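Engineer: Input: one structure, supplied below.
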Amino acid sequence: MRDVILVTGATGTIGREVVRLLAGRGEAVRAMSRTPSRVPSLPGVHAVPGDFHDPASLERAVAGVTGLFLLTAAGPHVPAHDLAMIEAAVAGSVRKVVKLSVIGADTAGAPGSAWHAPGEDAVRTSGMAWTLLRPSTFASNTLAWADMIAAGKPVPSMTGDGRQGVVDPRDVAEVAVEALTSTAHDGKEHTLTGPELISEPGQAAVLERILGRPVTTVDVPLERAREQLIASGAGAEFADMAVSGFASVREGRNAVVTPDVEEILGRPAVTFETWARDHRDAFARPPSR
Ligand SMILES: NC(=O)c1ccc[n+]([C@@H]2O[C@H](COP(=O)([O-])OP(=O)(O)OC[C@H]3O[C@@H](n4cnc5c(N)ncnc54)[C@H](OP(=O)(O)O)[C@@H]3O)[C@@H](O)[C@H]2O)c1
């Protein structure tokens, strides 16, 4: 029987790209979403419904699957969602799981560890072959700035001058596909970063140069950041985790660059500048309000 890889989070930033790359390699892919019609139509890709809140839907999604790319959406429910999907995979026929985690998940007390460490532990003890991917902050997070840039407004920056190894989501997806399609990364934990450290004001300066229009940042102190997150509808637990992440970056605790992407892919990791050039059009839209 042919190997089939289930990709969860298949309509999101990383999962969408994992699906595209697997399809390009001729793999049989099952792409899970709560709204399967949102999965792009590609050869070899079969969209299936699945909701982490509904264990029966996960059992159906994973039936007959041999490989799993496990991505759960950010939030305090990550541990419960990871565990539900791993339970379904173990009960089914899955032999290998690649879990998307977060940089620092293996460091007790680090931001993101509370969300991702339980799933990491469950993956390691699942009996399946496994790989853990711990990316730094995604270059694509700056797409949230697009409307403000288009409207000529400064973008709020929560992380001060703190620098991070901002990573291109395409690199993360390419590494995931390597791990899913070979045994070379079984039992390995990779921390995925870009090739250089850059702050949010630094990212703004790169965008300003590439877009040819002013891109400025305004520093938002942590207390204000928490208030703004709550006002925008985030729950208190989510806001607290986000603020502890911002504090960690401000204090230089996420100033980490690793060689993992280059070692795995055999070429340098993509810079923020290249990501920004490739996504220039996404910043060109008129303000939505
Ligand atoms: N952003 C960063 O800088 C960063 C850095 C490191 C690690 N991470 C980690 O990366 C992950 C997020 O990845 P991403 O940015 O690619 O995701 P994303 O773009 O936010 O997409 C989330 C995906 O999860 C799916 N989803 C949401 N709720 C679901 C549910 N109840 N049941 C089934 N599927 C559900 C969505 O699919 P549908 O809506 O179609 O169902 C969507 O495909 C998180 O675990 C986060 O901690 C993020």
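Heads up, the sequence shown is in this note's numbering, so the first residue is 4 and it goes up one at a time.
Every residue, glycine too, gets a C-beta built ideally from N, C-alpha and C.
Since we're looking at a predicted model, the values are computed, not measured.
#1: Assign V7 to one of three DSSP states: helix, strand, or coil.
#2: In terms of residue numbering, what span does the beta strand (DSSP E) encompassing L135 cover?
#3: Closer than 7 Å by C-beta to L24: which residues in its own chain qualify, once you throw out the five before and the five after it? Chain order, please.
#4: Here's the rule I'm using: 16 or more other beta-carbon atoms within 10 Å means buried, otherwise exposed. How should N257 be labelled?
#5: Reducing DSSP to helix, strand and coil, say where R292 ends up.
#6: Does any heavy atom of ligand 1 sit closer than 7 Å to the C-beta of V100?
#7: As an exercise, report each continuous alpha helix (DSSP H) stretch of at least 4 residues that is fully enclosed by the region 97 to 173, in chain order.
#8: If you draw a straight line from the C-alpha of I213 to the C-alpha of E265, how long is it?
#9: Enumerate, from N- to C-terminal direction, the unbroken beta strand (DSSP E) stretches of 3 or more residues contained entirely within the region 44 to 69.
#10: Using a threshold of 8 Å, state whether the C-beta atoms of P172 and S143 are closer than that.
#11: Taking 8 Å as the cut-off, does the region 141 to 158 touch the region 274 to 286 (at least 3 CB pairs, one atom from each stretch)?
#12: Quick one: Cα of G78 to Cα of S235, how far?
#13: If I measure Cβ to Cβ from V218 and keep anything under 8 Å in the same chain, skipping five residues before and after, which residues do I get?
#14: For A108, collect the residues of the same chain with a Cβ closer than 7 Å to its Cβ; drop the 5 residues on either side in sequence, then sort them by chain order.
#15: Consider the C-beta atom of P159 and the heavy atoms of ligand 1; say whether any pair is separated by less than 7 Å.
#16: Regarding D54 and ligand 1, is the C-beta to nearest heavy atom distance less than 7 Å?
#17: Run the CB neighbour count on R292, radius 10 Å, all protein chains shown included, and call it buried at 16 or more, exposed below.
#18: What does a CB cutoff of less than 8 Å around M244 pick up in its chain, not counting 5 residues either side in sequence?
#19: How about the region 95 to 104 and the region 31 to 51: do they share at least three Cβ pairs that are nearer than 8 Å?
#20: V105: beta carbon under 7 Å from a heavy atom of ligand 1?
#21: For E240, does the three-state DSSP call read helix, strand or coil?
#22: Comparing the CB of A3 with every heavy atom of ligand 1, is any distance shorter than 7 Å?
#23: Can you name, in chain order, every residue of its own chain whose Cβ lies under 6 Å from the Cβ of H188, other than the five neighbours on each side?
#24: Give a single yes or no on whether G12 has its beta carbon closer than 7 Å to a heavy atom of ligand 1.
#25: Can you look up T16 in the DSSP assignment and give me helix, strand or coil?
#26: Hey, quick one: how far does the alpha helix (DSSP H) through H84 stretch, first residue to last?
#27: Taking all protein chains shown into account, do 16 or more other C-beta atoms lie within 10 angstroms of the C-beta of K99, making it buried, or fewer, making it exposed?
#28: Quick test of your reading: V246 and A228, contact by CB under 8 Å. State the CB separation rounded to the nearest angstrom.
#29: Nearest to H56 by CA position, among G215, A91, M131, is which residue?
#30: Which class does V3 belong to by DSSP, given the choice of helix, strand or coil?
Structural biologist: Here's the rundown:
#1: Taken through DSSP and simplified to helix, strand or coil, V7 comes out as strand.
#2: 132 to 138
#3: A176, E177, V180
#4: buried
#5: Its pLDDT being 48, under 50, R292 is placed unreliably in this model, and the coordinates cannot settle the point.
#6: no
#7: The region 97 to 173 contains these whole alpha helix (DSSP H) runs: 116 to 127, 149 to 153.
#8: Whole-angstrom Cα-Cα distance: 25 Å.
#9: 48 to 52
#10: yes
#11: yes
#12: 15 Å
#13: W148, I152, V158, A207, A208, L210, E211, listed in sequence order.
#14: Only G115, S116, H119, A120, E123, R137 meet the Cβ criterion.
#15: no
#16: yes
#17: With a pLDDT of 48 at R292, under the threshold of 50, the predicted position of this residue should be treated as unreliable, and no value is reported.
#18: P79, P114, G115, A117, W118
#19: Taking 8 Å as the limit for Cβ pairs, the verdict is that the region 31 to 51 does not touch the region 95 to 104.
#20: yes
#21: helix
#22: Because residue 3 is not part of the residues shown, which for the chain are 4 to 292, the question remains open.
#23: Once the five neighbours on either side are set aside, the close Cβ partners of H188 are T134, A182.
#24: yes
#25: Helix, per DSSP.
#26: 81 to 94
#27: buried
#28: 6 Å
#29: Nearest option by C-alpha distance: A91.
#30: For the chain, the structure presents residues 4 to 292; residue 3 sits outside this window and is missing.
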